[in-house]
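Final position of the sequence shown in my numbering is 1185; the numbers increase by one with none missing. What follows is a set of notes on a single structure, which appears directly below.
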Amino acid sequence: MTDETPDSKTQPPAVKVHKPAKKAAGGIAATDVRRKRQVALGAVLAPLMEPALARQGVLLAQIAPHWRALCPLLADHSCPESVKGDTLTVAVASDGVKQELHYVTPQVIEGINRLLGYSAIAKVRGITRHDVRLRTGSAAVRHMAKPAAPITGPGRDKAEGMCKSVRDDDLRAALAALGAEILNKPTNKKG
995 MTDETPDSKT QPPAVKVHKP AKKAAGGIAA TDVRRKRQVA LGAVLAPLME
1045 PALARQGVLL AQIAPHWRAL CPLLADHSCP ESVKGDTLTV AVASDGVKQE
1095 LHYVTPQVIE GINRLLGYSA IAKVRGITRH DVRLRTGSAA VRHMAKPAAP
1145 ITGPGRDKAE GMCKSVRDDD LRAALAALGA EILNKPTNKK G
């Protein structure tokens, strides 16, 4: 074996590797690449300002518009009221809704923290307020059931004949539609 040292002319040029910079006092790490480009002021200040603004109630302003998506089952009967520390206080219409809120609390906390991008809420506390339905406006809006689709197919006449004795028109139509669906569905009988 021969000990040959490669020429400096044959070596590939060195690749410049950026080392991560130390974190500044505010907790944001700056790199050489980042310093050379423009960055929106809001993108830099938001992580620094969120904890301070959360104490002033801005956190609630971020949660309230999305309450229907965060808590769809109870949105008509509840609304977020305040945030103190890591506890969200939710006003509910009755004790029954308060109990339901207790069951869905893990999903609500997960949704809020996902929305905000950090673990802002750790606990949810429900308080009973009977005026909640009026404040959310759900008393004026009631969800109506969609009308049944018209019955079609060969099972229609048989299903309608089976439901003739039902007095209530809506119930008779719903039962006839259900019967027609069942009769028109292909059956897979195993021999």
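Every residue, glycine too, gets a C-beta built ideally from N, C-alpha and C.
- Per DSSP, the beta bridge partners of CYS1073 are ALA1085.
- Annotation: the continuous beta strand (DSSP E) that includes LYS1117 extends over 1117 to 1122.
- Under the three-state reduction of DSSP, LYS1078 is assigned to strand.
- By the 16-neighbour rule on beta-carbons within 10 angstroms, PRO1074 is buried.
- The residue from GLN1056, GLY1051 and GLY1147 with its alpha-carbon nearest to that of ARG1108 is GLN1056.
- Leaving aside the five residues that flank HIS1124 on each side, the residues in its chain whose CB is nearer than 7 Å to its CB run, in chain order, ALA1087.
- LEU1169: member of the alpha helix (DSSP H) spanning 1163 to 1178, first to last residue.
- Leaving aside the five residues that flank ASP1089 on each side, the residues in its chain whose CB is nearer than 7 Å to its CB run, in chain order, THR1122.
- Looking only at LYS1092, ASP1162 and ALA1167, the smallest Cα-Cα distance to GLU1154 is reached by ALA1167.
- Following the DSSP letters along the chain, one finds ALA1034 in no alpha helix (DSSP H), marked with neither H nor E.
- If you look at ALA1055, you'll find it in the alpha helix (DSSP H) that goes 1052 to 1057.
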